[in-house]
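K.L.:
What follows is a single structure, and I will ask about it in a moment.
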Amino acid sequence: MQGETISVLVVDDHTLTAEMTSAWLHNEAGFRTAHAESVDSALKVIREDGAYSVLLLDLDMPGMNGVEGVERMVAANAPGSVVLFSGQVRAEGALRAIEMGARGFIPKTLPLKSLANAVRFVALGETFLPHSFAVSQRRPTRRKAQSDALSPAEMDVVKGITRGMTNKAIANELGLSEIMVKAHVRSICAKLNAANRTQIALTAVMQGIG
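Mapping the sequence shown onto the UniProt record's numbering, position 83 (from 1) lands on 83, and the numbers just tick up by one.
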């Protein structure tokens, strides 16, 4: 992905939001962008332009039918990524959307520079869930049993993963080698019965261990 232009399609029935988000990403962050104001118009744009690297999809929009519409958009934009782009999404809705192929949830309240970083992260094939979302959805009653299985260093890595950070970024922040971070990720997967980083992030969100 490095050196390639990331194409972004913003799909939102709030015209001002769609236009402003698209324009900022294009002008300030160097993405190739377009916007659409309905599911049907988004499908038309994709048919004409081909799949976009990342499709920012408002969940609360006519024609979406809730998370059921996510699967339709994921199929239409393949092999590009689709990520929820909404003001607020309940944990159950976000997890259901991820099961249908979405690459996580980017809140509209995210600062624009952070939005650009989140889009780049999703374009790499990763799943993004904001740290604030993880904190708000924690279930404290299960926290102790889960966290006891992880070492302090592994807990730090989990926190980085739930913030949408790459292994390299986590390594830089914690003063570790990237190889060591990868080793921690493998250990965390084993302890949490997770297959990958995405499942680590989901476990952290739902059980409050990040």
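Note that CB positions come from ideal geometry on N, CA and C, so glycine has one too.
For a test of the three-state rule: what should DSSP assign to I106, helix, strand or coil?
P.N.:
strand
K.L.:
Check whether the Cβ atoms of I6 and S53 lie closer than 8 Å to each other.
P.N.:
Against a cut-off of 8 Å, the Cβ pair of S53 and I6 comes out as a contact.
K.L.:
Should R120 go down as buried or exposed, given a rule of 16 or more other Cβ atoms within 10 Å for buried?
P.N.:
buried
K.L.:
Can you tell me which of the three DSSP states residue 212 falls into?
P.N.:
In this structure the chain extends from 1 to 210, so residue 212 is not present and cannot be described.
K.L.:
Is any heavy atom in the ligand GDP found nearer than 7 Å to the beta carbon of S81?
P.N.:
What this structure holds is no ligand at all, so the ligand GDP is not there to describe.
K.L.:
Alpha helix (DSSP H) containing R163: first to last residue?
P.N.:
R163 -> no alpha helix (DSSP H), and no H or E assigned at all.
K.L.:
L84: which of E178, A194 and V122 sits nearest, CA to CA?
P.N.:
V122
K.L.:
Please report how far the alpha carbon of E126 lies from the alpha carbon of M100, in whole angstroms.
P.N.:
C-alpha separation (whole angstroms): 15 Å.
K.L.:
State the DSSP-derived secondary structure class of T33, mapped to helix, strand or coil.
P.N.:
strand
K.L.:
Whose C-beta lies closer than 7 Å to the C-beta of G69 among residues of the same chain, with five residues either side of it excluded?
P.N.:
V39 and G63
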